[in-house]
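Visitor:
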Amino acid sequence: TKFTVGDYLAERLAQMGIRHHFVVPGDYNLVLLDKLSAHPALTEIGCTNELNCSLAAEGYARANGVSVCVVTFSVGALSAFNGTGSAFAENLPLILVSGGPNTNDASEHHLLHHTMGTSDYTYQYEMAKKITCCAVAIPRAEEAPRLIDRAIRHALLAKKPCYIEIPTNLSGAICVRPGPIDAVTEPVTSSKPALEAAANCAAEYLSGKQKAVILVGPKLRRAGVDAEKALLDLANAMGCAVAVQPAAKGMFPENHKQFVGTWWGQVSTLAADSIVNWADAIICVGTVFTDYSTVGWKAIPDIPLMTVEMDHVTFPGAHFSRVRLAEFLSHLASQVTPNGTTMIEYERLRPDPPMVHVAAKEDVLTRKETSRQIQNMLSANTSLFVETGDSWFNGIQLKLPPGAQFEIEMQWGHIGWSIPAAFGYAMRCPERRTIIMVGDGSFQVTAQEVSQMVRFKLPITILLMNNRGYTIEVEIHDGSYNKIQNWNYALLVEAFNGGTGHAKGLLANTAGELADALRVAGENSEGPTLIECTIDQDDCSRELITWGHYSSELSAALSSLPATPIL
Ligand SMILES: Cc1ncc(Cn2nnc(CCOP(=O)(O)OP(=O)(O)O)c2C)c(N)n1
Ligand SMILES: [Mg+2]
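Using our numbering, read the sequence shown as starting at 1 and increasing by one per residue.
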C-alpha cells in the first residue's frame, strides 16, 4: 500500500512515544483519522466534544510528556483552542492537528461548510500561531515531512503546544517515509562554558549568604524526566529548607526531612512563609510569580534571587543562556557546600501536627471531614487532580505520601479541566488510582467526559464538592451570577452507563455515608464512581477566604480605572 502524509504523521507520533490519540471526527479529518487508527501502535480515543478532547490531551501530556488532539476544521479547532491554551499556559507539548479545506477550493473562491462563509480559510492558522510555539499549514504533500517535523520538534523543545493543519485532500496523498526520530526528539544540551560560568556565579552568590532556601515552581517537572532527581540531589547536597509553590505541589517529596510546605504568602502551609521570609538567599527553580501565586502581589520574594529556568540561569547582575535546568542543578549539587541553617531554624518554627477531629458517622458532612477522609485514602499509587475552586485549597492542604502524584491547572484555571484531563491522564496510567476533587460549578462544564470513563472502564473516583454554586467567585466578588442550577449528580452519572456501563453515582450527606461511598469507590474497578459530597454553601477553607479577600482587592485593582483618564 502507498505511504501517505497521514501515515507520516502516525509514524512520527508513534516514534515519539504517543500511544493514544484523542479525536473528534469531522469530514475535514476522516481520511487522516483512518491513517492514524491504521497505525498498530496508536489507539483512537473518541471524545464527546473538542473542548474536552483538547483537555483530555492536556491531561495525557502530564502523564506521557507529549500528546495529540485531532479535530475537524473551524467548528472543531476553535473549541480545541481552549485546551491548547491550557497546554501553553501549563507548559505541555500538546500537538493540535486539524483537518483543513481541500487545497483546490481557495483558488475557486468556494464557500465551504463549517467555515466563516468566506473564501479566506487562513483565519484558523493565524489564530493558532498566537497560542502555540509553532503553527504549520501543509500546502503540498512534498512539504509535509519538513513541516510536521519542525512543528513537533519546536513543541518538544519548548514544552509548548504546536499546530499542524492538514488539508483534507493531502492526508491520503503520497509521502516519503520519515527519517530517524532522533532528528526530532534529540534535546538541546547546555553550553559547557555557560554551565561552568553559571556554576561559578552560583558559588559566589551563595558564598556570601547564611540562610539559603530552595523554592520549587511548576516548571521544574516540565524541564524533563531528570529534573526532579537533579533537584533532589541539590537539596540533599545543600541541606537547606525546600518549599514549593502551590502549582508545584508534588514536585518535591513531602516526606523529605527538608520539605517545609507550600509557600503561598498568607495561605502557605506548614509555616513555609516564615522560613522563606527569614532567608537571605532564595534559589528559585522553575518558579512562576503570578497574581494568584503571590496572593495579589502580596507575597513576592523581596531579596535578590537566583533563578533556574528550563534553559537559562539568572543572578542579580548576570544571565546565562543555554544552561539546561537538570544539568545545572546536578552540576551545582556536586560543587555546593552544605548549609543547613534554614533547616535548623525551621525545626524551631515547624507547626505541631493539628489535632484532627474525626466526625461521628451521623454528623452532617463538612468540608474538613471530607478532606480528612480523602487524606486517609491517598497512597503511593494515587494521582490526585484538584479543580479550580475551593478544591485547590483543600487539595493543597493534603499531605502527599511518597509516590503520590498531584495535578493542578493553576495558570490557565479553566473550570471543568479536571474531568477530561484526569480521563486523558488515566488512559496513559490505567494502573494508577486517579482521584478528582471538583466543585459543582466546574463539574457542570465538562461532565460529558465521565461517559468516556465509563466507555474505557476507568476506575476514577470523583469527589464532587456540592456547595451549591461558585464559592471561589463568591469569596472574590459575589453576585447573582454565582448561583447555578443544582443537578442530581449521582443520577446523571448513572445515566452515562447507557444500560451497559459500570459507573456508580453516590450521595454523601453525612460522614458515615462518605465513608461507605469511598469503600464502594475503592471496590469499583470497572468504571468511575462519583460521590456527591453535600456541604454548606459557606463551608469553605480559611485559605480561600484569606486568598479571596486579597484577590478581591486584586480584582478591584484589575477593574480600576485607567491611570491616565482618557480625554
Ligand atoms: C472556563 C472558565 N470560566 C469561568 C471561570 C471563572 N470561575 N472560576 N471559578 C468559578 C466557579 C467554580 O465553582 P465550583 O467549581 O463550584 O468551585 P467551588 O469554589 O468549590 O464552589 C468560575 C465561574 C473559570 N475559572 N474558567
Ligand atoms: Mg461550588
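We put the CB at the ideal spot given by N, CA and C, even for glycine.
1) At which residues does the alpha helix (DSSP H) containing residue 52 begin and terminate?
2) From residue 82 to residue 408, what does the alpha carbon distance come to, in whole angstroms?
3) Do the CB positions of residue 216 and residue 183 come within less than 8 Å of each other?
4) If you scan the stretch 81-152 from start to end, which runs of the beta strand (DSSP E) of 3 or more residues do you find wholly inside it?
5) Restricting to runs no shorter than 4 residues, where is the alpha helix (DSSP H) found entirely within the stretch 497-530?
6) Quick check on residue 371: does DSSP put it in helix, strand or coil?
7) Please go through the same chain and pick out, in chain order, the residues whose beta-carbon is closer than 8 Å to the beta-carbon of residue 181, but skip the five residues on each side of it.
8) Return the CA-CA distance between residue 302 and residue 289, expressed in angstroms with no decimal places.
9) When you compare only the Cα positions, how much space is there between residue 62 and residue 424?
10) Out of 327, 438, 203, state which residue places its alpha-carbon closest to the alpha-carbon of residue 464.
11) Starting from residue 237, trace the alpha helix (DSSP H) in both directions and tell me its first and last residue.
12) Taking the CB atoms as reference points, tell me whether residue 355 and residue 258 lie closer together than 8 Å.
13) Please confirm whether any heavy atom of ligand 2 lies closer than 7 Å to the CB of residue 469.
14) Measuring only the C-alpha atoms, how far is residue 276 from residue 243?
15) Applying the criterion that 16 or more other CB atoms from any shown protein chain within 10 Å of the CB defines a buried residue, is residue 331 buried or exposed?
16) In or out: residue 219 buried (at least 16 other Cβ within 10 Å) or exposed?
17) Do residue 479 and ligand 1 come close, with the Cβ less than 7 Å from some heavy atom?
18) Pull up the DSSP beta-bridge partners for residue 319, would you.
19) Hey, out of 518, 420, 380, 422, whose CA is closest to residue 404's CA?
20) Pairs of beta-carbons, one from the stretch 414-434 and one from the stretch 361-368, closer than 8 Å: are there three or more?
21) Would you kindly work out how many angstroms separate the C-alpha atoms of residue 97 and residue 163, rounded to a whole number?
22) Under the rule that 16 or more other beta-carbon atoms within 10 Å means buried, what is residue 110, buried or exposed?
23) Report yes if the C-beta distance between residue 287 and residue 307 is below 8 Å; otherwise report no.
24) Is the number of C-beta pairs between the stretch 64-82 and the stretch 16-35 that are closer than 8 Å three or more?
25) Opposite residue 266 in the DSSP bridges: which residues?
26) I need the straight-line Cα distance from residue 461 to residue 268, nearest angstrom please.
27) Could you pull the DSSP bridge partners for residue 540 from this structure?
28) Three-state secondary structure (DSSP) at residue 283?
29) Would the beta-carbon of residue 387 fall within 8 Å of that of residue 420?
30) Cβ of residue 416 within 7 Å of any heavy atom in ligand 2?
31) Should residue 539 be listed as close to ligand 1, given that the test is whether its C-beta is under 7 Å from any heavy atom?
32) Taking the alpha carbon of residue 168 as the reference point, which residue from 45, 99, 447, 488 has its own alpha carbon closest?
33) Start and end of the beta strand (DSSP E) containing residue 439?
34) As a quick exercise: from 171, 174, 132, 166, pick the residue whose alpha carbon is nearest that of residue 157.
35) So, with DSSP's three-state summary, where would you put residue 387?
Guide: In this structure, then:
1) 50-64
2) Going by the C-alpha atoms only, they are around 16 Å apart.
3) Between residue 216 and residue 183, the CB-CB gap reaches or exceeds 8 Å.
4) 94-100, 134-137
5) 511-523
6) helix
7) Closer than 8 Å at Cβ, skipping near neighbours: 12, 15, 16.
8) 12 Å
9) About 9 Å.
10) 438
11) First-last of the alpha helix (DSSP H) with residue 237: 227-238.
12) no
13) Checking the Cβ of residue 469 against ligand 2 gives yes.
14) 8 Å
15) buried
16) buried
17) no
18) 314
19) 380
20) no
21) 6 Å
22) exposed
23) Between residue 287 and residue 307, the C-beta spacing is below 8 Å.
24) The stretch 64-82 vs the stretch 16-35: in contact.
25) 264
26) 27 Å
27) DSSP lists no partner for residue 540.
28) strand
29) No, the pair does not count as a contact, with Cβ atoms beyond the cut-off.
30) no
31) no
32) 99
33) From DSSP, the beta strand (DSSP E) with residue 439 extends over 433-439.
34) 132
35) Here DSSP, grouped into helix, strand and coil, assigns residue 387 to coil.
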